[in-house]
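This report concerns only the one structure given below.
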Amino acid sequence: MGIYDIEVKDASGKTHQLAEYKGKAMLIVNTATKCGLKDQFDGLENLYSNYKEEGLVVLGFPSDQFKQEVSNAEEAEQSCRMTYGVTFPMHDIVKVNGKEAHPLFKYLTANTKGLLGSSIKWNFTKFLVDQEGNIVKRFAPKDAPESFEEDIRKVLNK
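All residue numbers for the sequence shown refer to our numbering, where the first residue is 9 and numbers rise by one.
In structure tokens:
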């Protein structure tokens with residue numbers, strides 16, 4: 009199974025496969041609107057705005073696994089859009105660790121290692137995936153989006 013075989017739900021509950029993003033670079037992020045790192049929404053939005061025409065899509069996946077998210081996906085999406093001006097796709101609230109982790113995060117963590125092994129340490133762990141669905145790099149929660157812009161440019165061949 010590859011990343012394009014995985015189904016996800018958007019914030020309204022509509023299901024789609026990540027195959028929809030074949031040919032695009034993806035930056036996949038577990039988000040939380042009440043997290044102390046929430047200012048990263050600005051940096052993520054800047055990356056999306058600056059590189060979406062070049063083929064980058066930022067995909068936000070709210071998670072309350074660290075008890076820093078609102079109660080439902082639509083509320084999380086609205087908070088991201090209204091408070092942070094986020095225009096990139098937001099998804100349903102998911103678990104990122106453990107037996108109940110969403111298949112996407114099981115796949116991402118099985119194929120990368122972070123500070124705590126494969127587990128996700130905190131909100132705003134970021135995964136850069138190239139246009140063929142290969143995981144290029146994993147970024148820690150405290151890695152500001154602007155700090156890895158060069159990695160994104162390399163994936164986009166810019």
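Each residue gets a CB set at the ideal place from its N, CA and C atoms; glycine is no exception. Please read these numbers as outputs of a predicted model, since none were measured by experiment.
Buried versus exposed, by CB contacts within 10 Å (16 or more), Gln-48: Buried: at least 16 other Cβ atoms inside 10 Å.
Nonlocal neighbours in the same chain, by C-beta distance under 8 Å from Glu-53, ignoring five residues either side: Val-66, Tyr-92, Gly-93, Val-94, Thr-95 and Phe-96
Limits of the unbroken alpha helix (DSSP H) element including Phe-135: Phe-135 -> not in any alpha helix (DSSP H); beta strand (DSSP E) instead, spanning 134 to 137.
Exposed unless 16 or more other CB atoms sit within 10 angstroms - verdict on Lys-134: buried
Per DSSP, the bridge partner or partners of Gly-68: Under DSSP, the beta-bridge partners assigned to Gly-68 are Val-37 and Met-98.
Supposed close pair Asn-38, Ile-128 - CB separation, criterion 8 Å: 6 Å
Three-state secondary structure (DSSP) of Ile-143: Correct three-state label for Ile-143: strand.
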